[in-house]
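Some notes on the structure that comes next.
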Amino acid sequence: MRIALRVNGVEHEADCWEGESLLFALREKLGLPGSKNACEQGECGSCSVLLDGVLVCACLVLAAQADGHEVTTVEGLAAGDGLHRVQQAFVDAGAVQCGFCTPGFVVAAADLLDRRPDPSEDEVREALSGNLCRCTGYAKIFEAVRLAAQVGSG
Numbered sequence: 026m027r028i029a030l031r032v033n034g035v036e037h038e039a040d041c042w043e044g045e046s047l048l049f050a051l052r053e054k055l056g057l058p059g060s061k062n063a064c065e066q067g068e069c070g071s072c073s074v075l076l077d078g079v080l081v082c083a084c085l086v087l088a089a090q091a092d093g094h095e096v097t098t099v100e101g102l103a104a105g106d107g108l109h110r111v112q113q114a115f116v117d118a119g120a121v122q123c124g125f126c127t128p129g130f131v132v133a134a135a136d137l138l139d140r141r142p143d144p145s146e147d148e149v150r151e152a153l154s155g156n157l158c159r160c161t162g163y164a165k166i167f168e169a170v171r172l173a174a175q176v177g178s179g
């Protein structure tokens with residue numbers, strides 16, 4: 026089947042089979058490798074994207090379900106040549122180790138800060154609870170979200 030969707034502000038079309046995940050279509054058909062394929066069960070958050078502005082695990086969404094919709098991946102968060110404030114905060118806070126989980130955390134954090142510009146610690150933890158990092162104790166990740174919130178508010 027042929028699908029048409031808008032990804033990161035650009036119209037795309039792709040041929041997909043009926044059971045193909047949005048994650049596979051993004052990575053393999055559209056050449057957007059930012060969303061990572063880790064668990065394929067919606068447990069780790071490494072494939073997090075925004076589908077019509079709603080945070081989803083791309084591994085659990087069929088490509089066909091995204092037909093006619095808008096998708097934002099980690100590659101599409103930044104406007105212009107600069108990084109999105111969450112991407113920059115992850116760099117500044119040193120919140121990246123192996124980097125495999127980073128795109129999902131960045132998308133989830135950007136979604137949180139769009140909804141709650143000054144979240145509490147509990148709100149940050151809840152918003153990121155669907156994302157797993159196997160390298161860190163999360164302290165730098167939470168620090169990056171707080172830093173991005175500060176940049177956004179002032």
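The opening residue of the sequence shown carries number 26 in the numbering used here; numbering runs sequentially from there. We put the beta carbon where it would ideally sit given N, CA and C, even for glycine. This structure is a prediction, so every number in the text was calculated from the model and none was measured.
Here residue 86 carries a coil assignment [DSSP, helix/strand/coil]. When the beta-carbon positions are compared, residue 59 and residue 128 come within less than 7 Å of each other. In this structure, 132 is the residue among 46, 166 and 132 with its C-alpha nearest to the C-alpha of residue 109. The segment 26 to 61 contains, as complete beta strand (DSSP E) runs of 3+ residues, the segments 27 to 32 and 35 to 40 (chain order). Scanning the segment 86 to 140 from its first residue to its last, the whole alpha helix (DSSP H) runs of 4-plus residues come out as 110 to 118 and 127 to 140. Counting along the chain, the unbroken beta strand (DSSP E) around residue 73 starts and ends at 73 to 76. In this structure, 45 is the residue among 45, 172, 113 and 37 with its C-alpha nearest to the C-alpha of residue 65.
Residue 176 and residue 87 have their C-alpha atoms roughly 35 Å apart.
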